[in-house]
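Colleague:
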Amino acid sequence: MNIFITLDYELFFAQHSGSVEKSIIEPTNKLLEATEKFMVKLCFFVDAGYLVQLEKYKDTFPALQKDYELITHQIKYLHDNGHDIQLHIHPHWEDTTYHDNQWHMNTTRYRIHKFTQQETEQIVAKYKKALTDIVGDTIFAYRAGGWCIQPFSHLKSALKKHGIWLDSTLYKNGYKDNSTHYLDFRNMPDKTEWRFEDDPLVEDNNGSFLEVPISSTTVSPLFYIKYALARKFDKIAHQIAGDGKGVGREGKDNLEMLTKFTPAVASIDGYRLSYLQKTLNQYVKKSDGKNFVVMGHPKAATMYSLQKLKEFVANNHTKHHFTTYMQTFKNE
Ligand SMILES: [Zn+2]
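For the sequence shown, position 211 (counting from the first letter as 1) is numbered 210 according to numbering that gives the first Met the number 0, and the numbering increases by one without interruption.
#1: Can at least three beta-carbon pairs, one atom from the stretch 231 to 239 and one from the stretch 14 to 21, be found at a separation below 8 Å?
#2: What do you reckon, is the C-beta of Gly241 under 7 Å from a heavy atom of ligand 1?
#3: The alpha helix (DSSP H) that contains Arg194, what's its start and end?
#4: Look at the Cβ atom of Ser219, then the Cβ atom of Gly269, and state whether they are nearer than 8 Å.
#5: Here's a check: name, in chain order, each residue in its chain whose Cβ is nearer than 7 Å to the Cβ of Thr278, leaving out the five neighbours to either side.
#6: With a CB to CB cut of under 7 Å and the five nearest residues on each side skipped, what residues in its chain are close to Lys125?
#7: Measure from the alpha carbon of Met38 to the alpha carbon of each residue in Asn80, Leu69, Lys128 and Ile133, then state which is nearest.
#8: Could you give the first and the last residue of the continuous beta strand (DSSP E) run that contains Ile111?
#9: Would you mind giving the Cβ-Cβ distance between Lys171 and Pro262, rounded to the nearest angstrom? I have them listed as a contact below 8 Å.
#10: Going by CA-CA distance only, name the one from His103, Leu169, Ala300 and Asn253 that's closest to Phe195.
#11: Could you tell me the alpha carbon to alpha carbon distance between Leu69 and Arg142, rounded to whole angstroms?
#12: Would you list the residues sitting across from Ser266 in a DSSP beta bridge?
#13: State yes or no: is the C-beta of Pro90 within less than 8 Å of the C-beta of Ile148?
#14: In terms of DSSP beta bridges, what is Phe43 paired with?
#15: Thinking C-alpha only, which one of Lys29, Gly173 and Asn1 is nearest Ala300?
Here it is, written out as structure tokens:
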């Protein structure tokens with residue numbers, strides 16, 4: 000099976016964005032250390048709106064000039080070392096400003112669907128260019144910010160126009176409908192890749208897009224209880240690398256998680272690594288057996304997750320093929 004370790008490479012989006020060093024640069028280096036022994040290459044979905052804003056403000060604020068240099072340097076380094084750099088869009092950067100030494104995130108327009116189709120096209124163009132300027136013309140894959148890709152009709156022509164033909168956003172039974180997010184993947188095909196045209200949930204063998212969904216499983220409330228206990232008893236091992244605050248879950252999401260089995264992505268974030276091997280084993284048995292896509296965020300790395308990731312790679316690198324979108328799909 001192909002295993003893709005994919006990272007959403009980004010800051011936090013609540014009041015405290017966190018610093019680029021603690022939330023992106025340092026944990027990314029630790030992820031590389033944890034996987035380099037077996038030459039595993041990682042896939043980075045780079046939050047390009049952040050780059051666009053850094054470019055805009057860097058001449059006014061010396062601190063941002065430094066952040067810009069750190070992040071572009073690391074992206075170049077990743078690309079030069081065979082890691083995949085692909086496009087991740089969080090359009091609320093359009094409404095985000097910098098003053099008083101910090102980013103002021105405005106997530107009113109968190110979903111790209113809050114922008115007009117014309118604005119959306121401009122966002123895709125501008126964000127893809129920000130990445131292309133750093134790594135060259137190698138961007139063809141997309142992951143929607145916060146999984147908000149529906150309705151796809153809003154994005155289709157923009158992605159097509161700018162040469163994006165692979166999406167890796169969906170996960171089986173994903174569902175969220177709150178003040179920032181909307182997604183409904185409950186009718187997703189039970190496969191690990193398929194072509195589509197107008198709707199990523201509808202397979203179309205002649206479609207111009209390829210969906211390579213994020214792998215997932217279901218977890219019981221016990222997972223969240225165990226996690227809370229693990230954190231309580233070993234704060235250091237479960238302390239996340241990032242120094243910011245995320246756009247939180249809402250009350251009804253927490254209630255769901257604590258009362259029934261809920262879908263959960265295959266992930267290298269923190270304690271989620273505790274069910275990764277089991278999820279891979281499920282995929283080996285049940286599916287078309289082609290791809291296992293794991294997601295994560297540098298900012299969510301912990302001592303526990305880095306150790307478990309090392310073990311995961313060591314245990315699986317001979318049985319499976321760790322790869323990137325570039326290596327596996329570019330010549331399709
Ligand atoms: Zn993201």
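Using N, Cα and C, we set each Cβ at its ideal position, and we do this for glycine too. In this text the structure is predicted, and so the values were computed from the model without any measurement.
Modeller: The structure says:
#1: no
#2: no
#3: Looking at the DSSP string, Arg194 is not in any alpha helix (DSSP H); the run it does join, the beta strand (DSSP E), is Trp193 to Phe195.
#4: no
#5: Ser214, Thr216 and Ala265
#6: Val51
#7: Asn80
#8: That residue, Ile111, is in no beta strand (DSSP E); it is neither H nor E in DSSP.
#9: 6 Å
#10: Leu169
#11: 23 Å
#12: Met294
#13: no
#14: Leu6 and Ile84
#15: Lys29
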